[in-house]
Amino acid sequence: MRDHPIPILRVGKTLLVTIQIELRDTVADAFQEDILSEIERMGAPGLVIDISGLDTVDSYVARVLVDTGQMARLMGTEAVLVGMRPEVAATLVRMGFQTRGLRTALNVDEGLALLGELLGRG
Amino acid sequence: MRDHPIPILRVGKTLLVTIQIELRDTVADAFQEDILSEIERMGAPGLVIDISGLDTVDSYVARVLVDTGQMARLMGTEAVLVGMRPEVAATLVRMGFQTRGLRTALNVDEGLALLGELLGRG
Amino acid sequence: MSRSVSQHALPIRAEDDVVLVRRKVRELADRLGFSSFAAAAITTATSELARNAWVHGGGGDAIVEEVERLGQRGIRVTFTDEGPGIADLSRAMEGGFSTVRSLGLGLSGSRRLVDEMELDTAPGQGTRVVIVKWKRL
Amino acid sequence: MSRSVSQHALPIRAEDDVVLVRRKVRELADRLGFSSFAAAAITTATSELARNAWVHGGGGDAIVEEVERLGQRGIRVTFTDEGPGIADLSRAMEGGFSTVRSLGLGLSGSRRLVDEMELDTAPGQGTRVVIVKWKRL
Ligand SMILES: Nc1ncnc2c1ncn2[C@@H]1O[C@H](COP(=O)(O)OP(=O)(O)O)[C@@H](O)[C@H]1O
Ligand SMILES: Nc1ncnc2c1ncn2[C@@H]1O[C@H](COP(=O)(O)OP(=O)(O)O)[C@@H](O)[C@H]1O
Chain A
1 MRDHPIPILR
11 VGKTLLVTIQ
21 IELRDTVADA
31 FQEDILSEIE
41 RMGAPGLVID
51 ISGLDTVDSY
61 VARVLVDTGQ
71 MARLMGTEAV
81 LVGMRPEVAA
91 TLVRMGFQTR
101 GLRTALNVDE
111 GLALLGELLG
121 RG
Chain B
1 MRDHPIPILR
11 VGKTLLVTIQ
21 IELRDTVADA
31 FQEDILSEIE
41 RMGAPGLVID
51 ISGLDTVDSY
61 VARVLVDTGQ
71 MARLMGTEAV
81 LVGMRPEVAA
91 TLVRMGFQTR
101 GLRTALNVDE
111 GLALLGELLG
121 RG
Chain C
1 MSRSVSQHAL
11 PIRAEDDVVL
21 VRRKVRELAD
31 RLGFSSFAAA
41 AITTATSELA
51 RNAWVHGGGG
61 DAIVEEVERL
71 GQRGIRVTFT
81 DEGPGIADLS
91 RAMEGGFSTV
101 RSLGLGLSGS
111 RRLVDEMELD
121 TAPGQGTRVV
131 IVKWKRL
Chain D
1 MSRSVSQHAL
11 PIRAEDDVVL
21 VRRKVRELAD
31 RLGFSSFAAA
41 AITTATSELA
51 RNAWVHGGGG
61 DAIVEEVERL
71 GQRGIRVTFT
81 DEGPGIADLS
91 RAMEGGFSTV
101 RSLGLGLSGS
111 RRLVDEMELD
121 TAPGQGTRVV
131 IVKWKRL
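Going down the list, the protein sequences come from chains A, B, C and D. Following my numbering, the numbering of the first sequence begins with 1 at its first residue and continues without gaps. Following my numbering, the numbering of the second sequence begins with 1 at its first residue and continues without gaps. Following my numbering, the numbering of the third sequence begins with 1 at its first residue and continues without gaps. Following my numbering, the numbering of the fourth sequence begins with 1 at its first residue and continues without gaps.
This is the structure we're talking about:
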């Protein structure tokens, strides 16, 4: 795994990624690639991305997050974005951001529960 | 069956197609047509297309795969694409490819399990 | 007219500078007591426009100001670059148009997040964008 | 400037040639130690552009090169054809536009996959596309 400081944890068969740092261009690609490689390595059917630590999500970061979810889906993994703050949700929608089928949950626990249901182990 | 080297296997009532060769234009149509004919002949309610052997999927091949799934669906057969590699998923999404309701699973086993659930034999 | 109370000039010469400009704006919003929503709005618009100056303009400068008008406090941020400028401005402002792998929401989205936005650009003449967000009373 | 370390010219005169060009690029990417992601990116862009030279340009040529710049290694692929050229280039580059039964992601998608892309074309003058992908250090 490369040298970017975004930890990828394992909760049961689900991957849990907590983003706390700024996702700059140079980090974003490595971030996506590490998540996808880890999905393959573990055969993880579920992915939770926690952004409760982010107080700003611009269109670039939003794009990276949505793309990551779509990449995971192409591989056959359900992705859930959790913990988006009120001001971040308001800002993104005001900017005209379209969610395009992104799954969301209030927090990590709810996200894991949602995945449990989706993957038929609720 | 025509002379293209893409084997179509049967797993229970499901068709399993494993793509290992390059899907060139001339092969792609025959590939689609053989799958659809086989679905009809067998009355197969499910189709799994395994692309774990492909290290490159360009927009042309992606289109052939998605189209094949849509053709199967029009006939009443659920199609699942399985085994897409991390680098293939990343490349397709970065190119701007839209997944448009394509069903996916991590591997053949998960694909068969998903079909089992979808078709009420889970 | 609005009066400038304080002023910080920051370069945008590397991708990390985008982050520094955004932080400066966030600090100022917090210090002025902006709501979390208003702070996110001006910080996000700053992020979009600083990134544009970097990605499209090849780098430039940002000036982050605390401003005052009729007793109301606000934040003004000015972005300038000497890049290629924007040829088809109305199209760029429409939203959903992008010349790079991106959503094309930077310009149109930023305008929706701030109270005032001014754009000066011409092909070959670089780009200058000024945004203002006032603190709600 | 980048220096050419090695160079292979390959014709694109049949559909199977598209596969051969792609294989050549994949081999080189593996030999240079590209990550699986970078290798898939340059191989896929090659596939798109070689296919375009074949389908739209009526066939042409590809040159696959190993290049070097300031100690960094990379792959450069040049596609040329004597076909009809691209009349509305900005539209073709936007993505989602296709004159054949296709996704129209070849040109726009390829640009997103590589580090550098240059396009020379005019109606009746054929088309030349150069792409470069560098190995991450
Ligand atoms: N500072 C700038 N200099 C030159 N062109 C710009 C600048 N800012 C924006 N543009 C142009 O306007 C387009 C739309 O910008 P924007 O809405 O921010 O979307 P994005 O940056 O996501 O493409 C950009 O793709 C670019 O072509
Ligand atoms: N080498 C070429 N010669 C002539 N026209 C081209 C060439 N490459 C691309 N084009 C034109 O640009 C359009 C968009 O190309 P592309 O994005 O690769 O999508 P697609 O090939 O799927 O149609 C094509 O439909 C074609 O009209």
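Cβ atoms here follow ideal geometry from the backbone N, Cα and C, with glycine treated the same way. Bear in mind that the values here come from a model prediction, so they are computed numbers and not experimental data.
**Q.** the segment 55-65 of chain C touching the segment 8-15 of chain C, judged by at least three CB pairs closer than 8 Å
**A.** Between the segment 55-65 of chain C and the segment 8-15 of chain C there are three or more inter-stretch CB-CB distances shorter than 8 Å, so the stretches are counted as touching.
(Q) Below 8 Å, how does it come out for the segment 24-39 of chain D and the segment 79-94 of chain C: are there three or more Cβ pairs, yes or no? (A) No, they do not touch.
Q.
Check for me: the beta strand (DSSP E) holding C:F79 runs from which residue to which?
A. Where C:F79 is concerned, the enclosing beta strand (DSSP E) stretches over Q72 to D81.
Q: Compute the distance between the beta-carbons of D:G104 and D:E48, then report whether it is under 8 Å.
A: Their beta carbons are not under 8 Å apart, which means D:G104 does not touch D:E48 by this criterion.
Q: Select from the segment 76-94 of chain B all residues with a C-beta closer than 9 Å to any C-beta belonging to chain D, and list them in chain order.
A: Of all residues in the segment 76-94 of chain B, only R85, P86, E87, V88, A90, T91, L92 and R94 come within less than 9 Å of chain D when Cβ atoms are compared, listed by chain position.
Q: Note the first and the last residue of the continuous alpha helix (DSSP H) segment covering B:V61.
A: Per DSSP, B:V61 belongs to the alpha helix (DSSP H) from S59 to M75.
Q: Indicate whether at least one CB of chain D lies closer than 8 Å to the CB of A:E33.
A: With 8 Å as the cut-off, A:E33 counts as an interface residue toward chain D.
**Q.** Chain-order list of residues whose beta-carbon lies under 7 Å from that of B:M71 (same chain, five-residue window excluded)
**A.** Excluding sequence neighbours, B:M71 sits near Q32 and L36.
**Q.** Beta-carbon separation (whole angstroms), B:L184 vs B:L81, contact threshold 8 Å
**A.** Because chain B spans 1 through 122 in this model, residue 184 of chain B falls outside it and cannot be assessed.
Q) Can you find a CB in chain B that lies within less than 8 Å of the CB of D:E116? A) Chain B, which has no Cβ nearer than 8 Å to the Cβ of D:E116, makes this no.
Q. Within the 8 Å Cβ cut-off, does A:V17 reach chain D?
A. Look at A:V17: its C-beta is not under 8 Å from any C-beta on chain D.
**Q.** Heavy atom of ligand 2 within 7 Å of C:A38 beta-carbon
**A.** Judged by the Cβ position, C:A38 fails to qualify as a neighbour of ligand 2 at the 7 Å threshold, every heavy atom of the ligand being at least this far.
Q. Are three or more beta carbon pairs between the segment 97-112 of chain B and the segment 73-89 of chain B nearer than 8 Å?
A. In this structure the segment 97-112 of chain B lies against the segment 73-89 of chain B, because at least three pairs of beta carbons, one per stretch, are closer than 8 Å.
Q | Close-in-space but distant-in-sequence residues of the same chain around B:D67 (CB under 8 Å, 5 per side omitted) | A | Excluding sequence neighbours, B:D67 sits near Q32.
**Q.** For B:L16, the nearest candidate out of B:R24, B:V27, B:M42 and B:A30 (CA to CA)
**A.** Relative to B:L16, the option among B:R24, B:V27, B:M42 and B:A30 whose CA is nearest is B:M42.
Q. Looking at the structure shown, is B:I19 part of a helix, part of a strand, or coil, going by DSSP?
A. DSSP places B:I19 in the coil class of the three-state scheme, outside both helix and strand.
Q) From D:R76, D:R31 and D:A45, pick the residue whose C-alpha is nearest to that of D:L113; which is it? A) For D:L113, the nearest C-alpha among the options comes from D:A45.
(Q) Just to confirm before moving on: does the CB-CB distance between D:T43 and D:G85 stay below 8 Å? (A) Cβ atoms of D:T43 and D:G85: not closer than 8 Å.
Q. What residues in its chain sit with their C-beta under 7 Å from that of B:L112, if we drop five residues either side in the sequence?
A. For B:L112, where only same-chain residues beyond five positions count, the Cβ hits under 7 Å are V11, T14 and V48.
**Q.** Residue-level contact to chain C via CB, A:M42, 8 Å cutoff
**A.** Any Cβ of chain C closer than 8 Å to the Cβ of A:M42 would place that residue at the interface, and such an atom is absent.
Q: Kindly indicate the opening and closing residues of the alpha helix (DSSP H) around C:I42.
A: DSSP places C:I42 in the uninterrupted alpha helix (DSSP H) bounded by S36 to V55.
**Q.** Inter-residue Cα distance where the pair is C:E94 and D:R69
**A.** Going from the Cα of C:E94 to the Cα of D:R69 covers about 40 Å.
Q. If you draw a straight line from the C-alpha of C:L137 to the C-alpha of A:D55, how long is it?
A. Going from the Cα of C:L137 to the Cα of A:D55 covers about 23 Å.
Q. Is it buried or exposed for D:R91, if we count other Cβ within 10 angstroms and need 16 for buried?
A. So D:R91 ends up on the exposed side.
**Q.** Which listed residue (B:S59, B:A44, B:A90 and B:V61) has its alpha carbon closest to that of B:R73
**A.** Scanning B:S59, B:A44, B:A90 and B:V61 for the CA closest to the CA of B:R73 turns up B:A44.
Q.
Which residues in chain D have a C-beta closer than 9 Å to the C-beta of B:G96? List them in chain order.
A. Against chain D, the beta carbon of B:G96 has neighbours under 9 Å at G95, G96, L103, L105, S108, G109 and R112, listed in chain order.
Q. Got a sec: which bits of the segment 38-65 of chain A sit with their beta carbon under 9 Å from any beta carbon on chain C, in order along the chain?
A. Cβ contacts with chain C: D55, T56, V57, D58, S59, Y60, V61, A62 and R63.
Q | Cβ-based burial, A:S59 [other Cβ within 10 Å; buried from 16] | A | So A:S59 counts as buried.
(Q) At the 8 Å Cβ level, is B:A105 part of the contact set with chain A, yes or no? (A) At a cut-off of 8 Å between beta-carbon atoms, B:A105 makes contact with chain A.
Q: Quick one: give me the first and last residue of the alpha helix (DSSP H) that D:D30 is part of.
A: Going by DSSP, D:D30 is part of the alpha helix (DSSP H) stretching over E15 to R31.
Q) Heavy atom of ligand 2 less than 7 Å from the Cβ of C:I86, yes or no? A) Answer for C:I86: no, Cβ out of range of ligand 2.
Q. Does the distance from the C-beta atom of D:K135 to that of D:R73 stay below 8 Å?
A. Taking a C-beta distance under 8 Å as the contact criterion, D:K135 and D:R73 qualify as a contact pair.
(Q) Between D:E15 and chain B, is any beta-carbon pair separated by less than 8 Å? (A) Yes, because at least one Cβ of chain B sits closer than 8 Å to the Cβ of D:E15.
Q: Mind checking which residues open and close the alpha helix (DSSP H) that includes D:G60?
A: No alpha helix (DSSP H) contains D:G60, which is instead part of the beta strand (DSSP E) from G60 to R69.
Q.
If the criterion is Cβ atoms closer than 8 Å, does the pair D:I63 and D:Q7 meet it?
A. Contact: yes.
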